[in-house]
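What follows is a short report on a single structure.
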Amino acid sequence: MSSTESPAPTPAEAVPASNPAPAAEQQAAANGERNNNNSGDGANNTSLYVGELDPSVTEAMLFEIFNMIGPVASIRVCRDAVTRRSLGYAYVNFLNTNDGERAMEQLNYSLIRNRPCRIMWSQRDPALRRTGQGNIFIKNLDAGIDNKALHDTFAAFGNILSCKVATNETGSLGYGFVHYETAEAAEAAIKHVNGMLLNDKKVYVGHHIPRKERQAKIEETRANFTNVYAKNVDPEVTDEEFEKLFTKYGKITSCVLQRDEDGKSKGFGFVNFEDHNEAQTAVDELHDSEYKGQKLFVARAQKKSEREEELRRSYEAAKNEKLAKFQGVNLYLKNIPESYDDERLREEFAPFGAITSCKIMRAPSGVSRGFGFVCYSAPEEANKAVSEMNGKMLDNRPLYVALAQRKDDRRQQLEAQIMQRNQLRLQQQAAAQGMGYPGPGMYYPQPGAFPGQPGGMIPRPRYAPAGMMPQGMPMAPYGQPGQFPAGMVPQGYRPARPPRGAPNAAGGPAPPAGARPPTGVNGAPRPAGQPVPGQPMPRGPAARPAARPDAGQPGTLTAAALAKASPEEQKQMLGEAIYPKVAASQPELAGKLTGMILELPVTELLHLLEESEALDAKVNEALEVLKEYQQNDEAAEAEAEAEAPKTEA
């Protein structure tokens with residue numbers, strides 16, 4: 001991948017305004033900003049912090065970009081410890097400081113995957129990162145001012161360590177931060193730019209106040225409120241009557257009853273007292289009191305953002321309370337026979353405890369969808385039902401029973417399981433090859449890697465039916481399977497055993513006397529077991545156990561046949577049956593999706609083979625998980641704040 005320098009926006013021109021911006025305006029709107037906690041000029045430092053990265057950016061992409069500046073020692077994209085998703089920032093280590101300085105000059109704010117990156121010196125000392133010296137806050141920025149335009153505007157006052165405009169998915173939030181190397185440069189910027197016009201908008205520039213200090217000030221202001229909000233006011237009440245209602249509690253500085261365009265009362269208003277104690281008395285005495293037949297609601301006036309935050313917290317609390325109530329007692333059932341109704345299902349599960357609810361989910365037409373829920377009064381009863389009923393045959397169908405989970409929890413659990421199993425396989429394969437398991441996340445450039453693949457970046461082969469090369473295995477010229485460097489085994493790939501009767505296989509016939517061994521490119525001997533170019537991989541009766549049924553034929557794979565096979569053979573048989581069905585709808589991702597689906601229990605896989613709709617639903621679910629895993633999901637913000645330099649909000 002290559003990166004091109006983003007076109008530099010014209011620096012915002014500073015024009016004196018007629019009136020200076022008020023210095024006491026709140027910074028509470030800047031709830032999402034981060035602290036540019038980087039200090040130090042990068043002397044004797046070769047490590048760069050690269051932020052604002054797209055979640056799909058990898059070490060290989062960054063290596064192609066930064067290696068053009070100078071030799072790169074190592075690159076690390078920081079990822080979530082559980083999901084392994086990118087956290088949106090990385091560290092690039094050069095071999096010398098001069099290359100790091102050139103990288104900052106040439107690549108800062110350049111586009112990587114259509115997103116401008118932000119580069120600064122890495123500061124490992126958290127105490128130095130969190131110092132507010134030289135950090136300024138700018139608000140009321142024009143939407144057209146981006147990171148580079150802000151940097152170019154404020155660079156005239158001193159050396160800038162970091163510069164950022166706060167944004168969300170819709171664009172600029174109208175405020176930003178500039179972190180100078182010295183406090184003197186920050187003072188000069190505040191003195192010259194505060195109250196000036198940037199792109200015809202008057203901006204406020206001041207020292208950055210940490211979130212904790214701002215929060216303490218906000219809490220103090222809330223505790224000493226003077227503005228009161230009243231609603232449920234009778235529409236016939238006049239402005240004079242509304243003001244008279246509150247006048248007896250103290251001196252009023254302003255009073256307004258909100259009205260629409262036609263002059264009709266909206267039923268609410270605001271009253272501002274001169275003293276906090278008077279406002280508190282009015283709230284205490286008038287709240288829930290009756291006035292002209294209406295029960296009044298009187299409370300401290302709140303901003304819209306504050307009300308929304310309180311509503312969000314109350315919603316989350318109610319949601320968590322509901323989840324805790326049903327945690328461990330609600331069961332999820334699937335593969336329920338179509339002939340079953342709620343009562344018959346309740347009879348099946350009644351012996352294990354007191355059932356509080358039992359429901360089979362149905363389509364709008366009333367036809368059973370094959371799954372449902374049973375809720376018990378105690379976790380012990382639910383656990384007993386799971387152990388006794390999971391896998392039980394109902395009308396010749398194996399019932400699947402498990403504790404109910406939210407969709408997000410299931411997705412996270414599936415991702416974690418896939419990641420753990422892949423890492424375990426890689427460790428086992430590396431141990432079998434006699435080399436240590438490389439630590440995760442760090443990329444060290446090395447020769448001999450695949451074209452387009454960085455050293456240490458191992459391709460992920462997918463599930464492949466018998467006789468087919470695993471998808472994702474690199475192919476050398478002339479259709480030969482690519483050769484992996486020593487110890488670099490494709491993740492999840494298991495070398496297939498040589499088929500019975502194959503040349504050089506144990507107990508198999510030897511090649512004819514005088515026959516030449518197969519050769520590779522340029523006459524080099526071909527490794528044993530490697531396919532010959534232009535010839536299909538060995539197949540035939542001798543390549544498979546005679547007792548195994550042809551799982552690819554629908555209807556021939558049964559629970560009885562699977563019971564006679566080993567766990568590994570069961571997965572292989574099920575995989576051969578599921579793969580063609582998945583390939584029919586997702587030919588390019590069939591291998592990966594089949595591999596993900598094969599993580600499910602055998603009883604559930606049998607159900608998927610019988611019910612095409614259930615299989616389609618599972619394929620769609622796996623596809624969503626795969627897309628989210630590859631693209632993002634904006635990963636754990638907590639870890640990002642713990643590791644990355646940021647501007648504390």
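For the sequence shown, the UniProt record's numbering begins at 1 and goes up steadily by one.
We treat Cβ as the ideally placed atom computed from N, Cα and C, and that holds for glycine.
In this text, all values refer to a predicted model and were calculated from it rather than measured experimentally.
Closest to residue i by CA distance: which of the options is it?
i	options	result
residue 588	330, 562, 626	626
residue 366	246, 354, 390, 341	341
residue 187	289, 203, 148, 136	136
residue 79	268, 55, 557	55
residue 170	413, 281, 149, 144	144
residue 51	339, 118, 154	118
residue 48	83, 86, 82, 103	103
residue 113	570, 155, 58	58
residue 141	197, 566, 189	197
residue 242	292, 207, 284, 275	292
residue 296	237, 304, 405	237
residue 222	416, 168, 346, 301	301
residue 582	363, 600, 608, 601	608
residue 70	82, 87, 358, 98	98
residue 320	299, 358, 278, 406	406
residue 601	155, 414, 294	414
If you draw a straight line from the C-alpha of residue i to the C-alpha of residue j, how long is it?
i	j	result
residue 133	residue 65	32 Å
residue 265	residue 289	20 Å
residue 337	residue 219	59 Å
residue 261	residue 233	18 Å
residue 199	residue 151	15 Å
residue 360	residue 394	15 Å
residue 268	residue 280	18 Å
residue 423	residue 622	19 Å
residue 567	residue 585	27 Å
residue 285	residue 275	16 Å
residue 165	residue 247	46 Å
residue 347	residue 355	10 Å
residue 570	residue 612	20 Å
residue 174	residue 250	39 Å
residue 82	residue 409	13 Å
residue 598	residue 576	11 Å
residue 619	residue 400	18 Å
residue 105	residue 428	44 Å
residue 344	residue 358	10 Å
Grab the span of the alpha helix (DSSP H) containing residue i for me, first residue to last.
i	result
residue 104	97 to 107
residue 208	Element bounds for residue 208: n/a, residue is neither H nor E.
residue 314	304 to 326
residue 145	First-last for residue 145: undefined, no H or E at that position.
residue 603	602 to 610
residue 577	567 to 585
residue 267	Counting along the chain, residue 267 falls outside any alpha helix (DSSP H), though it belongs to the beta strand (DSSP E) covering 265 to 273.
residue 297	First-last for residue 297: 297 to 300, but that is the beta strand (DSSP E), not the alpha helix (DSSP H).
residue 242	239 to 247
residue 230	Element bounds for residue 230: not the alpha helix (DSSP H) but the beta strand (DSSP E), 227 to 231.
residue 594	590 to 597
residue 383	379 to 389
residue 190	183 to 193
residue 276	276 to 286
Residue i and residue j look like a contact to me (Cβ under 8 Å); what is the Cβ gap, rounded to whole Å?
i	j	result
residue 204	residue 139	5 Å
residue 614	residue 370	7 Å
residue 273	residue 252	6 Å
residue 391	residue 603	5 Å
residue 419	residue 84	6 Å
residue 398	residue 335	6 Å
residue 298	residue 189	With a Cβ gap of about 45 Å, residue 298 and residue 189 do not count as contacting.
Tell me which residue opens and which closes the beta strand (DSSP E) that residue i is part of.
i	result
residue 258	252 to 259
residue 370	368 to 376
residue 70	Where residue 70 is concerned, there is no enclosing beta strand (DSSP E), given that its DSSP letter is neither H nor E.
residue 48	47 to 51
residue 90	86 to 94
residue 118	118 to 121
residue 362	355 to 362
residue 177	171 to 180
residue 333	330 to 334
For the stretch 326 to 341 and the stretch 374 to 382, state whether three or more C-beta atom pairs, one from each stretch, are separated by less than 8 Å. yes
Indicate whether the contact test is met: 3 or more Cβ pairs, each with one atom in the stretch 158 to 166 and one in the stretch 218 to 232, closer than 8 Å. no
Pair every Cβ in the stretch 346 to 355 with every Cβ in the stretch 298 to 310, then say whether three or more of these pairs are closer than 8 Å. no
Are at least three pairs of beta-carbons, each pair with one atom in the stretch 90 to 103 and one in the stretch 66 to 75, less than 8 Å apart? Segments in contact, yes.
How about the stretch 375 to 395 and the stretch 575 to 593: do they share at least three Cβ pairs that are nearer than 8 Å? no
Looking at C-beta atoms only, is the number of pairs between the stretch 245 to 264 and the stretch 201 to 216 that lie closer than 8 Å three or more? no
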